[in-house]
Amino acid sequence: MLIEHYDLEVFTPPCDPGAERYAARARLTADISEILPYLNATLRGAVYLPEAQALTCRVGAAQKKGGHNIAFHAYEIATSNVEDREGAEKELKGLIDLVNRTWERRAEITPDHTTRQRPTPMAVYKLLPQTNCKQCGEPTCYTFAFKLTAAQKKLADCPPLAEPQFAEKLAALEAIVIEAPAIG
Ligand code: SF4
6 MLIEHYDLEV
16 FTPPCDPGAE
26 RYAARARLTA
36 DISEILPYLN
46 ATLRGAVYLP
56 EAQALTCRVG
66 AAQKKGGHNI
76 AFHAYEIATS
86 NVEDREGAEK
96 ELKGLIDLVN
106 RTWERRAEIT
116 PDHTTRQRPT
126 PMAVYKLLPQ
136 TNCKQCGEPT
146 CYTFAFKLTA
156 AQKKLADCPP
166 LAEPQFAEKL
176 AALEAIVIEA
186 PAIG
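Taking the working numbering, I'd label the letters of the sequence shown as residues 6 to 189.
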């Protein structure tokens with residue numbers, strides 16, 4: 006097990022007093038920077054910054070108030086913009102489990118040391134059906150592209166993408182878009 010001991014802190018960010026959103030931080034006694042390339046290989050949409058020994062990711066796309074960020078650093082794991090204290094604490098514990106599970110499976114994973122860029126809404130839009138059919142609940146494909154890049158929508162929310170004529174575009178989208186990793 007890589008993380009055996011940690012101190013957990015749940016708080017309202019000082020830059021946003023009164024907002025009913027919570028952040029949580031686990032301060033670690035072990036250096037987890039060695040696991041970051043393995044997480045980079047397994048968390049789709051993660052952004053890995055080797056020089057900073059940091060990896061960030063968007064999660065919670067399906068939540069009513071949109072996604073939020075999680076960040077892994079050498080001695081810290083943090084999450085922000087969670088709806089309640091309990092949820093923030095639970096999510097952080099899930100992230101610690103994720104690190105420990107990934108550490109145990111590392112022999113089966115090829116580490117990825119590259120930094121991937123998040124796609125722009127325009128890059129995503131170019132791969133969408135561009136019919137503005139509204140089946141995703143958005144008024145236009147561009148609005149959907151914008152929300153997809155912000156992890157507030159999932160590819161599965163666009164039913165036409167499942168049609169055979171869009172198979173190639175769907176595969177290209179799957180390779181670049183940010184979707185929530187499985188935590189816990
Ligand atoms: S469902 Fe897909 S094709 Fe239709 S508007 Fe939304 S993104 Fe565009």
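Where a beta carbon is used, it is the ideal one built from N, C-alpha and C, also for glycine.
Option nearest residue i by Cα separation, candidates the options
i    : options                : result
G99  : A83, E113, R111        : A83
F171 : L7, L132, E109         : L132
Y130 : I8, T148, A29          : T148
E14  : E109, L7, L178, L33    : L33
R49  : Q135, P55, R123        : R123
P134 : E179, E143, C163       : C163
S85  : C141, E25, A128, A177  : E25
E81  : A177, P55, S38         : S38
M6   : R110, L175, C141       : R110
E179 : A128, T136, C141, E143 : A128
R90  : A177, H73, T17         : T17
First and last residue of the uninterrupted beta strand (DSSP E) at residue i
i   : result
E25 : Segment: none, E25 is in no beta strand (DSSP E) and carries neither H nor E.
A83 : 81 to 87
H78 : 73 to 78
E14 : 11 to 16
C62 : 59 to 64
L54 : 52 to 54
Residue i and residue j closer than 7 Å at C-beta
i    : j    : result
Y53  : I114 : no
T120 : I40  : no
D117 : A79  : no
T145 : P126 : no
L97  : A31  : yes
V87  : Y11  : no
I8   : N105 : yes
R63  : A156 : yes
K159 : K152 : no
E94  : A29  : yes
Residue range of the alpha helix (DSSP H) that includes residue i
i    : result
L97  : 90 to 109
C146 : 146 to 154
E179 : 172 to 181
T47  : 41 to 47
A128 : 126 to 130
Whole-angstrom C-beta distance between residue j and residue i, which should lie under 8 Å
i    : j    : result
C138 : P169 : Not confirmed; about 17 Å, so no contact.
A59  : A46  : Not a contact, Cβ separation roughly 16 Å.
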